[in-house]
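Reading through the structure tokens given below for one structure.
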Ligand SMILES: NC(=O)c1ccc[n+]([C@@H]2O[C@H](COP(=O)([O-])OP(=O)(O)OC[C@H]3O[C@@H](n4cnc5c(N)ncnc54)[C@H](O)[C@@H]3O)[C@@H](O)[C@H]2O)c1
Ligand SMILES: NC(=O)c1ccc[n+]([C@@H]2O[C@H](COP(=O)([O-])OP(=O)(O)OC[C@H]3O[C@@H](n4cnc5c(N)ncnc54)[C@H](O)[C@@H]3O)[C@@H](O)[C@H]2O)c1
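Protein chains in written order, with my numbering: chain A, 1 to 339; chain B, 1001 to 1339.
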């Protein structure tokens, strides 16, 4: 009997994670043996919907709308106890930069309240919590390759709030309050849907739009590097984070996830191989100095030895990233990646 | 006209800092030119006393007793505005480990409230705040030499709370809310007074007790390394942190202070040179596995290139550390250090 809470369940990753949990409804328990999911609670400030087909499945799925920073809403979603929390709810980077108070309240204070609620709900400290942090914790004068022991010097309020959340998870885990685990996520591509205001949006656009027969603009030079992961890989890594035995983390509960270091040129080369010259012809380079500067400040190369040792995985190639998008978002049949 | 608040003014460093501020009652202002101190507010939960002679001096010294985590007490000390805050109030490591809620409330929440109060009191972001962090932010699997870009992985709640405070200072400074600066302090020796419960207490005892003609026990092997600073040097570095132009910090508001990497054997050698064989004969080695393990987990070697570039200084030698203690605490006449 496994009770799971997903915060931010209506978000991009939340929906995909919920789908994956329902497709294979068991997680390993404290002793490593698989335990069937019994109770899945989907929490989001934007009311989540019960996924198609879930009503007939073996898992009780409940959708709960509420603001995580509201104690009553938090109390309601924790009611009945919990074994595993996937904590995805967050206000995104641009929003946290624009509204400092909102970012502190949702990204930090609500994370702290959620940890306290987990501690209260399982006083033996057995509640597992997976916290999703970000490469945005890094900034300033970075080395060429960011290592597992590189100090975070965030250059955004979002990055600071995520870094503080990591520290809380670290301490709650060390003290035995909550079995917390933090994963730092690479930039996720290819996102479905229309472009958004994020500086990284072009990284999805230059693949997604050509595949859909539409034009795309690339605001950065072809040699620009990025550190990316497919959403499919992220979901698998979140489940890995939730099921690893606690002892495997040693004295550090934060793990930078593996990803692919690719340049825009390499992304386009993979697109050409998958979808042909016509697709690539849809991409027009048009320099945007503002976007170029932001993207250039992001670390593009990571050495993620710890994550690899812990069984986390990166996409094998950017071709695989493109194929995951085609299969998951464009209705193509799922094929096992060519390895 | 310079208004200064010292939180934790009744503590070990607070008293010495206040003494130094009164001895040379000016600090450089925003344009680098010296500004005379006008108003010095000493705040501590243990009621501070007006230092001897201060009543007759040019600076208005006010002593204010209160708990920094009490909004009314915080409001009272901020009343009248402030130019520079030295934020030293904290519950120490052992206490924060024993009482998690207390540590969070004083070391983190009160730091946040103080930053918010500074932001409110000087909406142009001009209030300067010096936050005292610690080598306790470091832990886990550390490199041989801790660098400026080594990631903090704290192994104590005190370390986590200090690391979260650093991140807040970083973000408030980056956003222009408060001109915050964090210094990470080495282990401070030689402390006056009786031994306390800190694992580091022996590092002061083995110097202080022999100088006072008393016996001392050393619970760790002679080859044990430590990273230390005299309180005199710390006070000078706190004033340096408060007076550096903000731009000098670049994109990182946290600085690990320089210190001396010494072994216990080197400390004793310096004691012999300063005070003779008789003093050294007072020290008895008696292994304490618990203390040995704690002390061995502390990083003993640091590369503090940034601090040096910013004009922070370490003691020239351990002999100088001993002499500072003899002059400041045993009434010996102050001599300029032999350099
Ligand atoms: N997508 C990425 O590239 C990326 C990279 C690094 C980290 N992350 C992190 O991963 C997590 C999930 O990312 P995503 O791409 O799915 O983001 P998303 O914005 O699509 O989803 C976040 C969800 O949280 C919800 N939410 C916001 N405030 C809330 C509140 N107060 N109470 C309850 N729910 C609230 C939103 O409604 C949204 O559905 C986030 O924590 C994000 O910071 C994402
Ligand atoms: N001494 C060291 O070796 C060392 C090393 C690293 C960092 N630090 C930091 O430097 C600062 C000063 O250290 P110290 O050695 O003088 O410590 P200390 O314990 O002597 O002084 C701290 C002072 O803070 C006061 N205080 C505690 N809680 C308070 C509250 N809620 N409101 C108001 N005042 C409160 C205490 O009464 C005390 O006078 C602290 O922040 C400490 O964490 C010290």
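Where is the CB? At the ideal position from N, CA and C, for every residue including glycine.
CA-CA distance, residue 72 of chain A and residue 82 of chain A? By 1-based counting over the first chain, the position of residue 72 of chain A is 72. By 1-based counting over the first chain, the position of residue 82 of chain A is 82. In this structure, the alpha-carbon of residue 72 of chain A lies about 16 angstroms from that of residue 82 of chain A.
Three-state secondary structure assigned by DSSP to residue 1134 of chain B: Counting from 1 along the second chain, the entry for residue 1134 of chain B is found at position 134. Residue 1134 of chain B falls in the strand class under three-state DSSP.
Mind the definition here: the stretch 132-142 of chain A touches the stretch 294-309 of chain A only if three or more C-beta pairs lie below 8 angstroms; say whether that holds. When Cβ pairs closer than 8 angstroms are counted between the two stretches, the stretch 132-142 of chain A is seen to touch the stretch 294-309 of chain A, the count reaching three or more.
Applying the criterion that 16 or more other CB atoms from any shown protein chain within 10 Å of the CB defines a buried residue, is residue 290 of chain A buried or exposed? Here residue 290 of chain A corresponds to residue number 290 of the first chain, with the count starting at 1. Result: exposed.
Could you check where the beta strand (DSSP E) with residue 1263 of chain B kicks off and where it finishes? One-based indexing of the second chain puts residue 1263 of chain B at position 263. Residues 1260-1263.
Can you check whether the C-beta of residue 13 of chain A is within less than 8 angstroms of a C-beta belonging to chain B? Locating residue 13 of chain A in the first chain gives position 13, counting from the first residue. So no, residue 13 of chain A is outside the interface.
Contact set for residue 1231 of chain B: own chain, Cβ-Cβ below 6 angstroms, skip 5 residues either direction: Taking the first residue of the second chain as 1, we reach residue 1231 of chain B at position 231. Only residues of its own chain outside the window of five on either side were considered, and among them 1016, 1188 have a CB closer than 6 angstroms to the CB of residue 1231 of chain B, listed in chain order.
Alpha-carbon to alpha-carbon, residue 1218 of chain B and residue 153 of chain A: Stepping through the first chain from its first residue, residue 153 of chain A is reached at position 153. Stepping through the second chain from its first residue, residue 1218 of chain B is reached at position 218. C-alpha separation (whole angstroms): 38 angstroms.
Using three-state DSSP, classify residue 254 of chain A as helix, strand or coil. Translated into positions along the first chain, residue 254 of chain A becomes position 254. DSSP places residue 254 of chain A in strand when its eight states are reduced to three.
Going straight from the alpha carbon of residue 112 of chain A to that of residue 119 of chain A, what length do you get? Within the first chain, numbered from 1, the residue matching residue 112 of chain A stands at position 112. Within the first chain, numbered from 1, the residue matching residue 119 of chain A stands at position 119. Their backbone Cα atoms lie some 11 angstroms apart in a straight line.
Can you check whether the CB of residue 1045 of chain B is closer than 8 angstroms to the CB of residue 1065 of chain B? Residue 1065 of chain B sits at position 65 when you count from the first residue of the second chain. Residue 1045 of chain B sits at position 45 when you count from the first residue of the second chain. The answer is yes: Cβ separation under 8 angstroms.
Given a cut-off of 8 angstroms on the beta-carbon distance, is the pair residue 182 of chain A and residue 121 of chain A in contact? Taking the first chain and counting its residues from 1, the one referred to as residue 182 of chain A is at position 182. Taking the first chain and counting its residues from 1, the one referred to as residue 121 of chain A is at position 121. At the C-beta level, residue 182 of chain A and residue 121 of chain A stay beyond 8 angstroms of one another.
Helix, strand or coil: which one does DSSP assign to residue 276 of chain A? Here residue 276 of chain A corresponds to residue number 276 of the first chain, with the count starting at 1. Correct three-state label for residue 276 of chain A: helix.
Could one say the Cβ of residue 1164 of chain B lies closer than 8 angstroms to chain A's Cβ atoms, at least one of them? Here residue 1164 of chain B refers to the residue found at position 164 when the second chain is read from its first residue. Closer than 8 angstroms to some Cβ of chain A, the Cβ of residue 1164 of chain B qualifies, so yes.
Taking the alpha carbon of residue 1293 of chain B as the reference point, which residue from B/1305, B/1246, B/1018, B/1225 has its own alpha carbon closest? Start at 1 with the first residue of the second chain, and residue 1293 of chain B comes out as number 293. Nearest C-alpha to residue 1293 of chain B: B/1225.
Segment limits, alpha helix (DSSP H) that includes residue 1306 of chain B: For this step, residue 1306 of chain B is matched to residue 306 along the second chain. Unbroken alpha helix (DSSP H) run through residue 1306 of chain B: 1305-1309.
Quick check on the contact list: which residues have their beta carbon closer than 5 angstroms to a heavy atom of ligand 1? That gives A/8, A/10, A/11, A/12, A/13, A/44, A/45, A/46, A/67, A/68, A/88, A/89, A/90, A/106, A/132, A/134, A/185, A/188.
Give a single yes or no on whether residue 1110 of chain B has its beta carbon closer than 7 angstroms to a heavy atom of ligand 2. Locating residue 1110 of chain B in the second chain gives position 110, where the first residue counts as 1. Residue 1110 of chain B: yes, Cβ under 7 angstroms from ligand 2.
Quick one: what's got a C-beta closer than 7 angstroms to residue 271 of chain A's C-beta in the same chain, skipping five residues either side? The residue you call residue 271 of chain A lines up with position 271 of the first chain. The beta carbon of residue 271 of chain A is closer than 7 angstroms to those of 207, 210, 279, 280, 322 in its chain, skipping five residues each way along the sequence.
If you follow the beta strand (DSSP E) that residue 1354 of chain B is part of, which residue opens it and which one closes it? Residue 1354 of chain B falls outside the range modelled here, since chain B spans only 1001 to 1339, and no answer is possible.
Which of the residues in the stretch 99-115 of chain A, read from start to end, lie with their CB under 8 angstroms from any CB of chain B? For chain B, the residues of the stretch 99-115 of chain A that bring a beta carbon within less than 8 angstroms of one of its beta carbons are 100, in chain order.
Tell me which residues share the same chain as residue 1253 of chain B and place their Cβ nearer than 7 angstroms to its Cβ, disregarding the 5 neighbours each side in the sequence. By 1-based counting over the second chain, the position of residue 1253 of chain B is 253. Scanning its chain for C-beta atoms nearer than 7 angstroms, with the 5 sequence neighbours on each side dropped, one finds around residue 1253 of chain B the residues 1169, 1170, 1173, 1180, 1181, 1182, in chain order.
Quick check on the burial criterion: 16 or more other C-beta atoms within 10 angstroms. Buried or exposed for residue 1145 of chain B? Counting from 1 along the second chain, the entry for residue 1145 of chain B is found at position 145. When all chains shown are included, residue 1145 of chain B counts as exposed.
Under three-state DSSP, which class holds residue 1103 of chain B? Mapped onto the second chain, residue 1103 of chain B falls at position 103. Residue state, collapsed to three classes: helix.
How would you label residue 214 of chain A, buried or exposed, when you count the other beta carbons within 10 angstroms and need 16 or more for buried? Counting from one through the first chain, the residue named residue 214 of chain A turns up at place 214. Looking at its Cβ environment, which holds fewer than 16 other Cβ atoms inside 10 Å, residue 214 of chain A is exposed.
Less than 8 angstroms between the beta carbons of residue 1216 of chain B and residue 1283 of chain B, yes or no? The residue you call residue 1216 of chain B lines up with position 216 of the second chain. The residue you call residue 1283 of chain B lines up with position 283 of the second chain. Residue 1283 of chain B is positioned such that its CB atom lies closer than 8 angstroms to that of residue 1216 of chain B.
For residue 123 of chain A, which residues in chain B fall below 7 angstroms Cβ to Cβ? To locate residue 123 of chain A, count along the first chain from 1; it is residue 123. Contact note: residue 123 of chain A does not reach chain B at a C-beta cutoff of 7 angstroms; the least C-beta distance is about 14 angstroms.
Taking 7 angstroms as the cut-off, is the CB of residue 60 of chain A close to at least one heavy atom of ligand 3? The model depicted lacks ligand 3 and carries ligand 1 and ligand 2 instead.
How about residue 354 of chain A: is its C-beta nearer than 8 angstroms to some C-beta of chain B? Nothing about residue 354 of chain A can be reported from this structure: the residues present for chain A run from 1 to 339 only.
Leaving out five residues before and five after residue 1002 of chain B in sequence, what residues of the same chain have Cβ atoms less than 8 angstroms from its Cβ? The count along the second chain starts at 1 and reaches residue 1002 of chain B at position 2. Excluding residues within five positions, the ones whose Cβ falls inside 8 angstroms are 1026, 1027, 1029, 1035, 1036, 1037, 1038, 1039, 1083, 1084.
Could you check if residue 1005 of chain B belongs to the surroundings of ligand 2, using beta carbon to heavy atom distance under 7 angstroms? The count along the second chain starts at 1 and reaches residue 1005 of chain B at position 5. Taken from the Cβ of residue 1005 of chain B, every heavy atom of ligand 2 lies 7 angstroms or farther away.
Sort out for me which residues DSSP pairs residue 1216 of chain B with in a bridge. As a working note, residue 1216 of chain B is residue 216 in the second chain. Looking at the DSSP output, residue 1216 of chain B bridges to B/1283.
Amino acids of chain A, ordered along the chain, whose beta-carbon sits closer than 9 angstroms to that of residue 1150 of chain B: Along the second chain, read from residue 1 onward, the residue named residue 1150 of chain B stands at position 150. The answer, in chain order, is 149, 150, 151.
Identity of the residues DSSP links to residue 1229 of chain B by a beta bridge: Within the second chain, the letter at position 229 stands for residue 1229 of chain B. Answer is B/1188, bridged to residue 1229 of chain B.
Looking at the secondary structure, which residues open and close the beta strand (DSSP E) in which residue 1003 of chain B lies? Looking up residue 1003 of chain B in the second chain gives position 3. Boundaries of the beta strand (DSSP E) harbouring residue 1003 of chain B: 1002-1007, taken from the DSSP string.
Alpha carbon to alpha carbon, how far is residue 1058 of chain B from residue 1048 of chain B? The sequence position of residue 1058 of chain B within the second chain is 58, counting from 1. The sequence position of residue 1048 of chain B within the second chain is 48, counting from 1. Each residue's alpha carbon lies about 19 angstroms from the other.
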